[in-house]
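Trainee: One structure, pasted below without further comment.
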Amino acid sequence: MIDIRNLTKIYSSKKVLDDISVDIRDGEIFTIIGPSGTGKSTFLKSVIRLINPEYGKIIIDGVDILSLKSEFEIQKVREKFGYLFQDGALFDSLNVWENVSFGLKYLTNIYEKKYLDVAREKLELVGLKGVEYKKINELSGGMKKRVALARAIAHNPRYVLYDEPTTGLDPISSDIIIDLIKNMSKKLKVTSIVVTHDIKLALTISSRVAVLNAGKFVEVDTPENIKNSSNDFVKDFISTSFI
Amino acid sequence: MIINKIGKITIDIAFHLGRCCLMIKRMFFWLFNSKLEKKEIMKQTVRIGIESIGVVILTSLFTGMVLALQSGYTSKNLFNEPLYVGTVVGFSLVKELAPVLTAIVVSGRAGSSVTAEIGTMVITEQVDALYTLGTNPSTYLLIPRYIAFLIALPILTLIANVVGILGGFVVSYIKLGISSTVYFDDIFQYMKVKNFFHGFIKTFFFAFAIATISCYKGFYATGGAEGVGRSTTDSVVISMIMILAIDYFVSSILVIVGIT
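These protein sequences, in sequence, are chains A and B. According to the numbering used here, numbering within the first sequence proceeds without interruption in unit steps and concludes at 246. According to the numbering used here, numbering within the second sequence proceeds without interruption in unit steps and concludes at 539.
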């Protein structure tokens, strides 16, 4: 479980995250939606301390990651996470299977000889076959996202963080990714935090949806209740997004 | 107005120096607290060395040739005889020109490519990805590049010494009619081991400076592709200035400690 208390991040005297408190339950898909520049990605990066927030607590399985001093301790907590970056963040200098198995050396005790098998297995899980030896620049946008997802789950993390998983993809690739996130959550029993602009994705797959505006969660509720929200901002945001 | 500007520049320099020192501190911390990325060190050493070897050979060859030509004709004009051509070529190359020119060439070829590569990794979140995959940029990017520069630059300088002296010999023999015995005697009769070390020691300082500047400029590149381009140019310009400055100060120290 991830328990977030009074999370505040300030950039150039502007509060990007303003005293946010929320708990993310085991096994759920928690989705954060909101306009651009409201701090969605900052929130996600703060969870594993890729960004250092000014105040607050982020308690992951009983450990407050923000209070940890040593890099080794922070790394220990990060090991529980897989992270799908907005543009994949795949390493150009490595091929597909080297990318997917990159973290195995540091995060698992799997023998090096088995890395290719693990990479194949994870690639199959995201619906990719026969691409192990391809270079990253030979892949389409949708394939890159799937390879990045395979890399994020290669070490069987307890939590997966998705940063704009469907941005920049055509509707078909988008649907594939949405199905993958759903299946991943079911099959691997992972807790997912998804940051997105994609209202369809948020309302289709989420256990709960949080609407972020001006650094605060305006509403946190089930997709059904969010759809029928009486909050003006939420209503406006959802209706304009569907137009 | 002027005081404001001076103040701003001073604060900027202090800020960058401080951040650079923190980067070096992190690099040393992880050097002693993580496993070395041997494959990556090998890859970077080969890349930095191989990338620069052609230009280093050409630069040192022509430098040696022009030194022989100039010193030969100058002494011919003064004494009617091309005297001590080997000595001039040998000393100039080994103590100053080979280390400095090699460092400048390496900073232009390999240093710029390191900045561009790391800068691109930063703006495409590949550096953040390293943290999420159980490692960190110091272990995976910084340390291998520092070690690679520290291995490649001294080796390239040795090659530059040999090629430059041979280039000087070719011109001395063909243009000035100096025999190989005279040319090489002029070098080895006067040159001592400490003369060689005077130049060789400096290459480690140059390597450290190039690695620091190129990695620092890459890690703190901002502003997308344009920003990476700007950082790359800055990295080469700053490296060149630093090489010349370090050359003067380290040479002074070496002279004081008797390695002349």
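For glycine and all other residues, C-beta sits at the position ideal for the given N, C-alpha and C. Note that the structure is a prediction, hence the values are computed from the model and not measured.
Is the Cβ of isoleucine 51(A) closer than 8 Å to any Cβ of chain B?
Mentor: The residue given as residue 51(A) occupies position 48 in the first sequence. With 8 Å as the cut-off, isoleucine 51(A) counts as an interface residue toward chain B.
Trainee: Using a cut-off of 8 Å between C-beta atoms, extract the partners of alanine 92(A) located in chain B.
Mentor: By 1-based counting over the first sequence, the position of residue 92(A) is 89. Simply Thr403, Glu404, Gln405, Asp407, Ala408.
Trainee: Within its chain, find whatever has a CB closer than 7 Å to the CB of leucine 47(A); leave out the 5 residues flanking it on each side and keep chain order.
Mentor: Here residue 47(A) refers to the residue found at position 44 when the first sequence is read from its first residue. Counting only Cβ-Cβ distances below 7 Å, and skipping sequence neighbours, we find Leu164, Asp166, Ile196, Val198.
Trainee: So if I threshold CB-CB distances at 9 Å, which residues from the segment 71 to 93 of chain A count as touching chain B?
Mentor: Cβ contacts with chain B: Glu74, Phe75, Ile77, Gln78, Arg81, Glu82, Phe84, Gly85, Tyr86, Phe88, Gln89, Asp90, Gly91, Ala92, Leu93.
Trainee: Is it right to say phenylalanine 33(A) is buried, meaning 16 or more other beta carbons lie within 10 angstroms of its own, or is it exposed?
Mentor: Your numbering for residue 33(A) matches position 30 in the first sequence. It is buried - the Cβ of phenylalanine 33(A) has at least 16 other Cβ atoms within 10 Å.
Trainee: Report the option in Lys83(A), Val25(A), Val66(A) whose CA atom is closest to the CA atom of glycine 111(A).
Mentor: Position 108 of the first sequence, counting from 1, holds the residue named residue 111(A). For the sequence presented, residue 111(A) should be read as threonine rather than glycine. Comparing Cα positions, the closest option is Lys83(A).
Trainee: Return the residues of the segment 104 to 131 of chain A that lie within a Cβ-Cβ distance of less than 8 Å from chain B, sorted by chain order.
Mentor: Cβ contacts with chain B: Phe105, Gly106, Lys108, Tyr109, Leu110.
Trainee: Please report the straight-line C-alpha distance between glycine 336(B) and methionine 470(B), rounded to a whole angstrom.
Mentor: On the second sequence, residue 336(B) is found 57 positions in, with the first residue counted as 1. On the second sequence, residue 470(B) is found 191 positions in, with the first residue counted as 1. According to the sequence provided, residue 336(B) is isoleucine. The question's glycine does not apply to it. When rounded, the distance between both Cα atoms is 22 Å.
Trainee: To the nearest angstrom, report how far apart isoleucine 438(B) and leucine 69(A) are at their CA atoms.
Mentor: Here the question's residue 438(B) lines up with position 159 in the second sequence. Here the question's residue 69(A) lines up with position 66 in the first sequence. Their backbone Cα atoms lie some 51 Å apart in a straight line.
Trainee: If you follow the beta strand (DSSP E) that leucine 10(A) is part of, which residue opens it and which one closes it?
Mentor: Locating residue 10(A) in the first sequence gives position 7, counting from the first residue. Residues 5 to 14.
Trainee: Using the beta-carbon of each residue, which ones in chain A are nearer than 7 Å to threonine 414(B)?
Mentor: Position 135 of the second sequence, counted from the start, is the residue given in the question as residue 414(B). Ordered by position in chain A, the residues that pass the 7 Å Cβ test against threonine 414(B) are Tyr109.
Trainee: CB-CB under 8 Å to glycine 106(A), same chain, minus the five flanking residues each way: which ones, in chain order?
Mentor: Looking up residue 106(A) in the first sequence gives position 103. Result list for glycine 106(A): Arg154, Ala157, His158, in chain order.
Trainee: List the whole-angstrom C-beta distance separating methionine 521(B) from alanine 488(B), where the pair is believed to meet the contact cut-off of C-beta under 8 Å.
Mentor: As a position in the second sequence, residue 521(B) is number 242, starting the count at 1. As a position in the second sequence, residue 488(B) is number 209, starting the count at 1. The pair is a contact, with the Cβ atoms about 5 Å apart (cut-off 8 Å).
Trainee: Using a Cβ-Cβ cutoff of less than 7 Å, which residues in the same chain neighbour cysteine 299(B) once the five nearest sequence positions on both sides are dropped?
Mentor: Residue mapping note: residue 299(B) aligns to position 20 of the second sequence, counting from 1. The residues are Thr491, Tyr495.
Trainee: Would you identify the three-state DSSP class for tyrosine 136(A), choosing helix, strand or coil?
Mentor: If you number the first sequence from 1, residue 136(A) lands on position 133. Of the three classes helix, strand and coil, the one that applies to tyrosine 136(A) here is coil, per DSSP.
Trainee: Compute the distance between the beta-carbons of isoleucine 13(A) and isoleucine 61(A), then report whether it is under 8 Å.
Mentor: In the first sequence, the residue the question calls residue 13(A) occupies position 10. In the first sequence, the residue the question calls residue 61(A) occupies position 58. It is not a contact, given that the beta carbons lie outside the stated cut-off.
Trainee: Give the range of the alpha helix (DSSP H) segment to which serine 530(B) is assigned.
Mentor: By 1-based counting over the second sequence, the position of residue 530(B) is 251. From DSSP, the alpha helix (DSSP H) with serine 530(B) extends over 503 to 535.
Trainee: Determine the DSSP secondary structure at arginine 28(A), reduced to helix, strand or coil.
Mentor: For this step, residue 28(A) is matched to residue 25 along the first sequence. Reduced to three states, the DSSP call for arginine 28(A) is coil.
Trainee: Look up tyrosine 162(A) in the DSSP assignment and say whether it is helix, strand or coil.
Mentor: By one-based count along the first sequence, residue 162(A) stands at place 159. In the structure shown, tyrosine 162(A) sits in a strand (DSSP, three-state: E or B).
Trainee: State the CB to CB distance for the pair leucine 152(A) and leucine 87(A), rounded to an integer number of angstroms; the pair is presumed to be in contact (CB under 8 Å).
Mentor: For the purposes of this step, residue 152(A) is identified with residue 149 of the first sequence, where counting begins at 1. For the purposes of this step, residue 87(A) is identified with residue 84 of the first sequence, where counting begins at 1. Right, the Cβ-Cβ distance comes to about 5 Å (below 8 Å), so this counts as a contact.
Trainee: Is the separation between the beta-carbon of isoleucine 35(A) and that of leucine 215(A) shorter than 8 Å?
Mentor: Translated into positions along the first sequence, residue 35(A) becomes position 32. Translated into positions along the first sequence, residue 215(A) becomes position 212. It is a contact, given that the beta carbons lie within the stated cut-off.
Trainee: Should methionine 146(A) be counted as a contact of the ligand SAM given a C-beta to heavy atom distance under 7 Å?
Mentor: Ligands in the displayed structure: none, and consequently the ligand SAM is not present.
Trainee: Is it buried or exposed, lysine 189(A), if we count other Cβ atoms within 10 angstroms and call 16 or more buried?
Mentor: Position 186 of the first sequence, counting from 1, holds the residue named residue 189(A). Burial call: exposed.
Trainee: Quick one: give me the first and last residue of the alpha helix (DSSP H) that aspartate 201(A) is part of.
Mentor: What you label residue 201(A) is simply residue 198 of the first sequence in a count that begins at 1. It is not in any alpha helix (DSSP H) - aspartate 201(A) carries neither H nor E in the DSSP assignment.
Trainee: Between the C-alpha atoms of threonine 169(A) and isoleucine 332(B), what's the straight-line distance to the nearest angstrom?
Mentor: By 1-based counting over the first sequence, the position of residue 169(A) is 166. By 1-based counting over the second sequence, the position of residue 332(B) is 53. Roughly 45 Å between the two C-alpha positions.
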